[in-house]
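Engineer: Read top to bottom, the protein sequences are chains A and B. Remember, this note's numbering sits 45 above the position in the first sequence when you count from 1. Remember, this note's numbering sits 804 above the position in the second sequence when you count from 1. Pasting a structure here, questions to come.
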Amino acid sequence: MRALGPGSVSSFLKVILDVVYVALAISIVLIAIGMIVTLLFDVDPALFSNMIRAGAPGGALTGPEIAGELLVGGLYAGGVLAIVGQLRRLFATLTAGDPFHPANVRRLRTIGLLLAALGVLEMVRYPLTLLDAKLATHRDLTPNVTTWFAVLVVFVLAEVFREGARLRHDAELTI
Amino acid sequence: MPIRVRLDRILLDKRMSLTELADRVGVTIANLSILKTGKARAIRFSTLDALCRELDCQPGDLLGFDGGPPVDFGDEDEDEGID
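Here you go:
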């Protein structure tokens, strides 16, 4: 099975990315609606039982705290949505059989920056969710090695694609 | 670019059009135009061979060196194409 071009593995993955993109977009809309609902109305925290941490000193979560959790979840989903959007465009060029399209360099760098942003978000999520007062002793600022390794790999790949784009350009102008 | 391609002068001397030369050499008119206007990055020996054969000239008649600072090809625009 071919890796590039129409009907290849790339086109199959592009279809999957399209589905994931739509699902993420719908999820973000639902999260936004959930945030508005929890902020405006009294919500029974038991509805979000999986968000209530056992042993939390403050007990059940309040509406604003649930909204905070949803905000972090929404930001995370938004970051992943942006990454998937860049991957969709990148895979469109792979499906067209043109992997070293110059725009792919910028797309990979954008993906690297978004991954880094998600890594930072992962580290600071507890203060953002207003749970800080209840979980004051729990500050997870240790970096996720996997995430940051992936960031470096993506930036290196961007440089590889930059060299590929340069060679492609040279080949185009070789008569 | 310090390397000059004197294709237009030779075509004039031989009274040949770019289109006719493109047909004879087997290179597209667009690519020959890139060569003629000095925008080409490189030329294959096979292309140079075909051009010299059809124009009945030497490579030195076709190409010249004007001196000056070397060309810095550097980084190309990375935002080419539609996103």
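Ideal Cβ positions, reconstructed from N, Cα and C, are used throughout, including at glycine. Since we're looking at a predicted model, the values are computed, not measured.
Can you name the start and end residues of the alpha helix (DSSP H) that residue 199(A) belongs to?
Structural biologist: To locate residue 199(A), count along the first sequence from 1; it is residue 154. First-last of the alpha helix (DSSP H) with residue 199(A): 190-217.
Engineer: Return the bridge partner residues of residue 869(B) from the DSSP annotation.
Structural biologist: In the second sequence, residue 869(B) corresponds to position 65, counting from 1. Looking at the DSSP assignment, residue 869(B) forms a beta bridge with 807(B).
Engineer: Please list, in chain order, all residues of the same chain as residue 833(B) whose beta carbon is under 7 Å from its beta carbon, the five residues on each side excluded.
Structural biologist: Start at 1 with the first residue of the second sequence, and residue 833(B) comes out as number 29. If we look at residue 833(B) and ignore the five residues flanking it on each side, its Cβ neighbours are 822, 823, 826.
Engineer: Please return the same chain residues whose Cβ sits closer than 8 Å to the Cβ of residue 83(A), not counting the five positions on each side in sequence.
Structural biologist: The residue labelled residue 83(A) in the question sits at position 38 within the first sequence. Contacts found: 108, 109, 111, 112, 115.
Engineer: Report yes or no: do the region 196-206 of chain A and the region 830-845 of chain B share at least 3 C-beta pairs separated by less than 8 Å?
Structural biologist: Output reads no: the region 830-845 of chain B does not touch the region 196-206 of chain A.
Engineer: Pick out whichever of 160(A), 134(A), 148(A), 205(A) has its Cα sitting closest to the Cα of residue 59(A).
Structural biologist: Here residue 59(A) corresponds to residue number 14 of the first sequence, with the count starting at 1. That would be 134(A), whose Cα lies nearest to the Cα of residue 59(A).
Engineer: Does residue 822(B) get closer than 9 Å to chain A when you measure Cβ to Cβ?
Structural biologist: Your numbering for residue 822(B) matches position 18 in the second sequence. Closer than 9 Å: no.
Engineer: Pull up the distance between the alpha-carbon of residue 224(A) and that of residue 131(A), whole angstroms please.
Structural biologist: Beyond the ends of chain A as shown, which are 46 and 220, falls residue 224(A); an answer cannot be given.
Engineer: Measuring CB to CB, does residue 853(B) end up less than 9 Å from residue 818(B)?
Structural biologist: Here residue 853(B) refers to the residue found at position 49 when the second sequence is read from its first residue. Here residue 818(B) refers to the residue found at position 14 when the second sequence is read from its first residue. For residue 853(B) and residue 818(B), no; Cβs fall outside 9 Å.
Engineer: Do you know how far the Cα of residue 868(B) is from the Cα of residue 810(B)?
Structural biologist: Residue mapping note: residue 810(B) aligns to position 6 of the second sequence, counting from 1. Residue mapping note: residue 868(B) aligns to position 64 of the second sequence, counting from 1. Computed Cα separation, rounded: 8 Å.
Engineer: Whose C-beta lies closer than 8 Å to the C-beta of residue 209(A) among residues of the same chain, with five residues either side of it excluded?
Structural biologist: Translated into the one-based positions of the first sequence, residue 209(A) becomes position 164. For residue 209(A), where only same-chain residues beyond five positions count, the Cβ hits under 8 Å are 144, 145.
Engineer: Compare the C-beta of residue 218(A) against all C-beta atoms of chain B and say whether one is closer than 9 Å.
Structural biologist: Translated into positions along the first sequence, residue 218(A) becomes position 173. Taking Cβ atoms only, chain B reaches closer than 9 Å to residue 218(A), which makes this a yes.
Engineer: Under DSSP, the alpha helix (DSSP H) around residue 131(A) begins and ends at which residues?
Structural biologist: Numbered from its first residue, the first sequence carries residue 131(A) at position 86. Taken as a continuous stretch (DSSP letters only), the alpha helix (DSSP H) holding residue 131(A) covers 108-140.
Engineer: List, in order along the chain, the chain A residues whose C-beta lies closer than 7 Å to that of residue 831(B)?
Structural biologist: Numbered from 1 along the second sequence, position 27 holds the residue referred to as residue 831(B). In chain order: 220.
Engineer: How long is the line joining the alpha carbons of residue 206(A) and residue 836(B), rounded to whole angstroms?
Structural biologist: In the first sequence, the residue the question calls residue 206(A) occupies position 161. In the second sequence, the residue the question calls residue 836(B) occupies position 32. Roughly 28 Å between the two C-alpha positions.
Engineer: Go to residue 80(A), then tell me how far its alpha helix (DSSP H) extends in each direction, as first and last residue.
Structural biologist: Here the question's residue 80(A) lines up with position 35 in the first sequence. Taken as a continuous stretch (DSSP letters only), the alpha helix (DSSP H) holding residue 80(A) covers 54-85.
Engineer: Tell me the DSSP secondary structure of residue 846(B) in three-state form.
Structural biologist: Here the question's residue 846(B) lines up with position 42 in the second sequence. Residue 846(B): strand per DSSP, three-state reduction.
Engineer: Would you verify that the beta carbon of residue 810(B) is, or is not, closer than 9 Å to some beta carbon of chain A?
Structural biologist: Within the second sequence, numbered from 1, the residue matching residue 810(B) stands at position 6. Taking Cβ atoms only, chain A never reaches closer than 9 Å to residue 810(B), which makes this a no.
Engineer: Rounded to the nearest angstrom, what separates residue 875(B) and residue 152(A) at their Cα positions?
Structural biologist: Here residue 875(B) refers to the residue found at position 71 when the second sequence is read from its first residue. Here residue 152(A) refers to the residue found at position 107 when the first sequence is read from its first residue. Spanning the two alpha carbons is a distance of roughly 29 Å.
Engineer: What's the gap between the Cα of residue 211(A) and the Cα of residue 78(A)?
Structural biologist: For the purposes of this step, residue 211(A) is taken as residue 166 along the first sequence, with counting starting at 1. For the purposes of this step, residue 78(A) is taken as residue 33 along the first sequence, with counting starting at 1. Cα to Cα, residue 211(A) sits roughly 46 Å from residue 78(A).
Engineer: I'd like to know if residue 63(A) contacts chain B, where contact means its C-beta is closer than 9 Å to some C-beta of that chain.
Structural biologist: As a working mapping, residue 63(A) is identified with position 18 in the first sequence. With 9 Å as the cut-off, residue 63(A) does not count as an interface residue toward chain B.
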